[in-house]
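As structure tokens, the structure follows; a few thoughts come after it.
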Amino acid sequence: MPIMACDLPAGTALDQAMLAHADFRDTFSVRLSQPGRPPAALFVAIFGHRPWWMKMVLIARHAIGSAFGLASSRPSDILSVTAGANPGQGGSIGGWPLFWLDDQELVAGRDNRHMDFRLSLMTIDRATEQDLVVSTLCRTHNRFGRLYLAAIIPFHRWGLRLLVRRARAAGRL
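Heads up: the sequence shown begins at 1 in UniProt numbering, then just goes up one per residue.
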């Protein structure tokens with residue numbers, strides 16, 4: 001099954017106030033070849049296998065953001081994405097704070113002065129199959145946030161779908 005654009009799933013743990021005021025949202029789904037895996041394992045299956053060039057771009061982006069006082073991930077979290085021994089709400093995964101984690105959904109993200117960001121990975125059970133719904137939300141707070149979001153959207157959409165396609169093709173999803 002190819003990656004398909006879709007609506008946000010009912011029952012998502014994404015914050016309703018953030019949903020109502022989001023400046024950007026993107027949601028797509030992909031059929032899982034390995035149903036029943038927890039969301040933290042799916043996160044690692046996608047983000048734990050970035051191409052080297054993408055890791056370098058992300059490290060540079062986070063270094064620049066840190067220089068401007070923005071919260072960001074450490075290079076080690078970008079180079080080696082793990083779920084840790086027992087990730088949970090209030091913990092982190094791959095350098096991203098976790099806002100929600102249960103058997104069906106993981107919500108990670110970060111709040112910053114320029115923009116709040118959330119990523120949801122939610123499994124949806126179908127009759128005999130399971131889909132993964134990947135949703136991104138951004139809410140900007142100022143002009144810098146709006147400019148940053150406008151610049152990053154094309155790369156984000158392309159890059160996230162690339163990572164999901166690669167994970168699916170490699171049998172990790």
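Glycine residues also receive a C-beta, built at the ideal position from the N, C-alpha and C atoms.
| Item | Value |
| --- | --- |
| Pairs of beta-carbons, one from the stretch 99-114 and one from the stretch 7-14, closer than 8 angstroms: are there three or more? | yes |
| Kindly indicate which residue of Arg-168, Gly-36, Ala-150 has the alpha-carbon position closest to the one of Ile-124. | Gly-36 |
| Find the nearest neighbour of Leu-8 within the set Arg-172, Ser-135, Ala-169, judged by alpha-carbon distance. | Ser-135 |
| Is Leu-147 buried or exposed, if buried means 16 or more other CB atoms sit within 10 Å of its CB? | exposed |
| By how many angstroms is the C-alpha of Leu-173 removed from the C-alpha of Ser-33? | 6 angstroms |
| Helix, strand or coil for Glu-130? Go by DSSP, reduced to three states. | The sequence as given places Gln at residue 130; Glu does not occur at that position. Looking at Gln-130 - three-state DSSP - the assignment turns out to be strand. |
| Sorted by chain position, which residues of the same chain lie with C-beta nearer than 7 angstroms to Met-54's C-beta, five sequence neighbours on each side aside? | Gly-159 |
| Could you compute how far the alpha carbon of Ala-151 sits from the alpha carbon of Gly-145? | 10 angstroms |
| Residue range of the beta strand (DSSP E) that Leu-149 falls in? | Here Leu-149 belongs to no beta strand (DSSP E); instead the alpha helix (DSSP H) covers 143-169. |
| Under 7 angstroms, do Arg-31 and Glu-129 count as touching if we go by C-beta distance? | yes |
| On the criterion of 16 or more Cβ atoms from any shown chain inside 10 Å, does Ala-20 qualify as buried, or is it exposed? | exposed |
| Considering only DSSP beta bridges, list what Gly-109 is partnered with. | Arg-118 |
| Do you know offhand how far Ser-29's Cα is from Val-107's? | 16 angstroms |
| How many angstroms separate the CA atom of Ala-22 from the CA atom of Ala-167? | 28 angstroms |
| How about Met-18 and Leu-137: do their beta carbons lie closer than 7 angstroms? | yes |
| Is the Cβ-Cβ distance between Leu-121 and Leu-42 less than 7 angstroms? | yes |
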